[in-house]
Amino acid sequence: FIIGLLVGLSVYIYLPIRAAANPPVNWGDAASLSGLFWVVSGQAYQDLVFGSPIDSLGQKLISWLELVFEQLNPLGLFLAFGGTSALWKSERWLMGATAISAASLLAYSIFYNTFDSQVLTIPAFFIISAYSGLGLFSILASVSKWAVENINSDSPDSLKRNLPVVVLILVAFVAVPTIAIYLNYGSQDRSEDRRASAYAERVLDTVSPGAIVLSDTEDRTFALWYYGFVEQNEKEIIPVSSRLLQFDWYWQSLNERHPAIFPAQIPKDVAEALVTIVGTASDDPGVYFTFFHTFLVDN
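For the sequence shown, position 195 matches number 212 in my numbering, and the numbering has no gaps at all.
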């Protein structure tokens, strides 16, 4: 157990190593001990834990159950119940441990106060999927045993009578997932989704070279980060997330890369940060907002 725990925790060794390379978005500045603790302890999200309003818990539970039904479908749920039954008979300790893990993940997700908290239950889906696999294995093992006993019978009539049943069962187990893939692949295929690149290109066509582009939502921020830090468009924009301006490490990172625009003194809040940015760069290279902020009215 101890060895397994240490192996699992070893992934955190990568954080300070990668942070020391000073990437464009150096989340939490994990190269320092204080920054590493900030990242590992999830200080940015601690207020969200058990922060869901009481009246929203029921709806969040219903939404998760609907998601389970959509992802696994009736056959998958049937197999999952079969798998839990088989596991309970053979390895009760494993059944208990996995069930407690899945229930804990579900509870954490329901009480976590974000609109996308369902993603926290992905490990729980792994567990339920494992139950489905065990259920399928149990059924196939039973069918195989039954087929061997009957097909090997001395009676030719028994062979003729039971062989089609076995073939039909095998065909069904192959056909069901194949049909599911065929029916759902189109809705899940995102290979032609160009919304992020189209948005970033529209912004780049609008702003001046070297401009500071302030974004608010994740979809806009990530699109601009990609074009600003990866594609490195010829306009060489400076994409800035307004939501991250509340963190000292983010301002320090901006200061290290653009000291003429982002002074060393850390603003006390987001409003002061916006005032500083506009004051130093509104004329050259220019500041662009991709969202509305009360700052625009007050100033």
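Heads up, the beta-carbon is just placed ideally off N, CA and C, and yes, glycines get one too. Since the structure is predicted, the reported quantities are computational estimates derived from the model, not experimental observations.
{"Check": "Among the candidates V85, D133 and L23, whose CA atom is the shortest distance from the CA of L65?", "Outcome": "D133"}
{"Check": "Using the rule of at least 16 other Cβ atoms within 10 Å of the residue's Cβ for burial, across every protein chain shown, is T238 buried or exposed?", "Outcome": "buried"}
{"Check": "Determine the contact status of I79 and T115, defining contact as a CB-CB distance below 9 angstroms.", "Outcome": "no"}
{"Check": "If I measure Cβ to Cβ from V257 and keep anything under 8 angstroms in the same chain, skipping five residues before and after, which residues do I get?", "Outcome": "I229, V230, L231, S232, L271 and I294"}
{"Check": "In chain order, what residues of the same chain lie with their CB nearer than 7 angstroms to the CB of T297, ignoring the 5 residues before and after it?", "Outcome": "I278"}
{"Check": "In chain order, what residues of the same chain have a beta carbon less than 6 angstroms from the beta carbon of P41, not counting five sequence neighbours either side?", "Outcome": "F246"}
{"Check": "Which class does V230 belong to by DSSP, given the choice of helix, strand or coil?", "Outcome": "strand"}
{"Check": "Restricting to Cα atoms, I'd like to know which of T131, T101, A103 and Q63 is closest to S319.", "Outcome": "Outside the shown range of the chain (18 to 316) lies residue 319, about which nothing can therefore be said."}
{"Check": "Can you give me the Cβ contacts of I308 inside the same chain, cut-off strictly under 6 angstroms, excluding the 5 residues immediately before and after it?", "Outcome": "Per the sequence shown, the amino acid found at residue 308 is Phe instead of Ile. The residues are D233."}
{"Check": "Taking C-alpha atoms, which residue in D210, I127, S161 and P194 lies nearest to G182?", "Outcome": "According to the sequence displayed, residue 182 carries Val and not Gly. Comparing Cα positions, the closest option is S161."}
{"Check": "For Y305, report the span of its beta strand (DSSP E) as first-last.", "Outcome": "V304 to F306"}
{"Check": "Taking the alpha carbon of V240 as the point to measure from, which residue in L262, W266, Y267 and D210 has its own alpha carbon closest?", "Outcome": "Looking at the sequence shown, residue 240 is not Val but Ala. A240 has its Cα closest to that of D210, out of L262, W266, Y267 and D210."}
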